[in-house]
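**Q** Below you'll find the structure I mean.
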Amino acid sequence: TDKDGTLLLRVIGVHPTLPTEADPSGYRSNRKNAVAVIEAMLVRDGTFELESPLTIPAANVESPFGGAKFKVDGYDHSSIWNKTSDIGDHEDDGLPSHAAVNVVYDNPPHNSQDTVDEIIKEVSKNEKDNFTGIPDQIPSIIDGTVVVKNDSDSKKILNAGFLESFVKYVGSVADEKVADGKEPKNGNYGSAANPRVILAEGDLKVTGGTGFGLMVVKGELELGGNFEYNGMLLVVGDGSMRVRGKASILGGVLIANIKPDHTLGTATIDVHGGGNDEAGIYNSSSQIKLALSLLPFRTLSWREITPEIEP
Numbered sequence: 032t033d034k035d036g037t038l039l040l041r042v043i044g045v046h047p048t049l050p051t052e053a054d055p056s057g058y059r060s061n062r063k064n065a066v067a068v069i070e071a072m073l074v075r076d077g078t079f080e081l082e083s084p085l086t087i088p089a090a091n092v093e094s095p096f097g098g099a100k101f102k103v104d105g106y107d108h109s110s111i112w113n114k115t116s117d118i119g120d121h122e123d124d125g126l127p128s129h130a131a132v133n134v135v136y137d138n139p140p141h142n143s144q145d146t147v148d149e150i151i152k153e154v155s156k157n158e159k160d161n162f163t164g165i166p167d168q169i170p171s172i173i174d175g176t177v178v179v180k181n182d183s184d185s186k187k188i189l190n191a192g193f194l195e196s197f198v199k200y201v202g203s204v205a206d207e208k209v210a211d212g213k214e215p216k217n218g219n220y221g222s223a224a225n226p227r228v229i230l231a232e233g234d235l236k237v238t239g240g241t242g243f244g245l246m247v248v249k250g251e252l253e254l255g256g257n258f259e260y261n262g263m264l265l266v267v268g269d270g271s272m273r274v275r276g277k278a279s280i281l282g283g284v285l286i287a288n289i290k291p292d293h294t295l296g297t298a299t300i301d302v303h304g305g306g307n308d309e310a311g312i313y314n315s316s317s318q319i320k321l322a323l324s325l326l327p328f329r330t331l332s333w334r335e336i337t338p339e340i341e342p
């Protein structure tokens with residue numbers, strides 16, 4: 032198992048002969064099969080491999096949870112929809128568990144713990160049990176700023192400039208860029224066999240179906256119907272996510288509002304759903320890794336391997 036997301040890639044180029052000034056084509060040369068070897072060190076960015084199913088880097092959060100059955104579950108589920116009955120029942124308790132909601136911010140006078148306290152205050156009594164993950168902590172909603180800051184990759188989510196740059200980067204590699212107010216062509220949000228990278232350049236309203244992969248939404252994301260998504264949702268820009276109906280997500284969600292001055296603002300999550308027992312956001316590190324594996328590796332360094340390096 033790859034532990035650090037880093038690998039070495041060697042590319043070997045072979046030329047049948049070496050060109051010379053007298054013989055630019057090289058075809059008359061006696062020297063044959065010249066070889067060049069280039070070695071690159073690559074890394075898969077782990078910035079968004081966050082432990083909680085719902086992470087909110089924000090100065091503040093508007094969070095009217097209004098779905099009596101809508102769950103946010105920090106247990107690390109290994110299963111995908113329709114292949115297990117243990118969603119929400121934690122029959123896979125042997126897997127790690129983390130906070131259901133992780134609020135992070137690091138710019139006084141705003142304080143993430145104050146935001147956490149406000150979210151918990153707004154959650155009605157009969158909904159507190161819907162936020163599970165850390166044993167014996169109900170609701171499982173925390174200020175994780177210190178932990179995030181101490182991770183060299185994850186701490187980048189506190190940088191609004193980085194988040195904006197990442198959205199642009201996703202646009203350069205996306206399988207499809209979706210215009211404001213539109214849906215992907217043919218409603219294709221990806222499948223288990225063909226997960227997709229999708230960038231919604233404005234508001235996106237999803238009314239049903241299934242999806243697999245990585246989806247980044249710059250405007251407001253509204254999930255409705257029986258939509259089931261497997262992977263990573265990044266709502267970065269307007270930082271507003273609204274859930275209606277029976278929508279379910281297996282993987283992870285990050286919601287970040289970026290203000291015009293390129294700082295973190297007030298994120299919004301508005302839930303009025305929960306029409307069945309599976310409705311909610313369920314943590315799955317495997318689905319998050321699947322989503323991020325769709326992005327190219329980042330090059331850390333490269334060099335030519337010469338006979339002096341490896342005789």
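Converting from the sequence shown to our numbering requires adding 31 to each position, the first position being numbered 1.
Ideal Cβ positions, reconstructed from N, Cα and C, are used throughout, including at glycine.
Pull up the DSSP beta-bridge partners for Asn133, would you.
**A** Thr86 and Ile173
**Q** Measuring only the C-alpha atoms, how far is Ala130 from Ser83?
**A** 5 Å
**Q** How about the region 162-171 and the region 319-327: do they share at least three Cβ pairs that are nearer than 8 Å?
**A** no
**Q** Taking Ala90 as the reference, which of Gly164, Thr146 and Ile280 has the closest Cα?
**A** Thr146
**Q** Please go through the same chain and pick out, in chain order, the residues whose beta-carbon is closer than 8 Å to the beta-carbon of Leu295, but skip the five residues on each side of it.
**A** Pro88, Ala89, Ala90, Tyr136, Asn138, Leu189, Ala191, Ala287, Asn288 and Ile289
**Q** Closer than 8 Å by C-beta to Ser332: which residues in its own chain qualify, once you throw out the five before and the five after it? Chain order, please.
**A** Ala71 and Met72
**Q** Identify the continuous beta strand (DSSP E) that holds Leu265 and give its terminal residues.
**A** Glu259 to Gly268
**Q** Which stretch, first to last residue, makes up the beta strand (DSSP E) that contains Ala287?
**A** Counting along the chain, the beta strand (DSSP E) containing Ala287 begins and ends at Ser279 to Asn288.
**Q** Going along the chain, which residues of its own chain have a beta-carbon closer than 7 Å to the beta-carbon of Glu232, five neighbours each way excluded?
**A** Cβ neighbours of Glu232 beyond the five flanking positions: Lys208, Val209, Ala210, Asp211 and Lys249.
**Q** Under 9 Å, do Phe162 and Ala310 count as touching if we go by C-beta distance?
**A** no
**Q** Measuring CA to CA, which of Thr238, Ser203 and Asp234 is closest to Asn219?
**A** Thr238
**Q** Between Ser143 and the rest of its own chain, which residues show a CB-CB distance below 7 Å, the 5 nearest in sequence each way excluded?
**A** Val134, Val135, Tyr136, Asp174 and Thr176
**Q** Per DSSP, His303 forms a beta bridge with which residues?
**A** Arg275
**Q** Would you grab the beta carbon distance between Gly255 and Arg275 for me? Rounded to a whole angstrom, and I think it's under 8 Å.
**A** At roughly 4 Å, the Cβ-Cβ gap stays under 8 Å, so Gly255 and Arg275 are in contact.
**Q** Buried or exposed: which applies to Asn217, given that a residue is buried once 16 or more other Cβ atoms fall within 10 Å of its Cβ?
**A** Counting C-beta atoms within 10 angstroms of its own C-beta, Asn217 has fewer than 16 neighbours from the protein chains shown and is therefore classed as exposed.
**Q** Is Leu73 helix, strand or coil when you go by DSSP?
**A** Reduced to three states, the DSSP call for Leu73 is strand.
**Q** Report buried or exposed for Phe193, applying the criterion of at least 16 other Cβ atoms within 10 angstroms of its Cβ.
**A** exposed
**Q** Could you say which of Gly242, Val198, Ile312 and Asn257 lies nearest to Leu230 if we only look at CA atoms?
**A** Val198
**Q** Rounded to whole angstroms, what's the CA-CA distance from Val103 to Val267? Just pull it up for me.
**A** 20 Å
**Q** Near Asn257, what residues of its chain come up, given a Cβ to Cβ distance below 6 Å and the 5 sequence neighbours on each side ignored?
**A** Excluding positions up to five away in sequence, the list reads Gly239 and Lys277.
**Q** Can you check which of these residues, Glu335, Arg41, Arg75 and Ile150, is closest to Ala298 by C-alpha distance?
**A** Ile150
**Q** How is the alpha helix (DSSP H) around Thr146 delimited, first residue to last?
**A** Ser143 to Glu153
**Q** Of the residues Val132, Ala67, Asp107 and Pro127, which one's Cα is nearest the Cα of Thr86?
**A** Val132
**Q** For Val242, which residues of its own chain have a beta-carbon under 6 Å away from its beta-carbon, when the five flanking residues on both sides are left out?
**A** The residue asked about is misnamed: residue 242 is Gly in this sequence, not Val. Tyr220, Gly221 and Tyr260.
**Q** Using 9 Å as the limit for Cβ to Cβ distance, is Ile280 near chain D?
**A** No chain D is present in this structure, which holds just one protein chain.
**Q** Can you have a look at Ser196 and say buried or exposed, based on whether 16 or more other CB atoms are within 10 angstroms of its CB?
**A** exposed
**Q** Would you grab the beta carbon distance between Ser316 and Asp107 for me? Rounded to a whole angstrom, and I think it's under 8 Å.
**A** 5 Å
**Q** For Lys213, which of helix, strand or coil comes out of DSSP?
**A** Correct three-state label for Lys213: coil.
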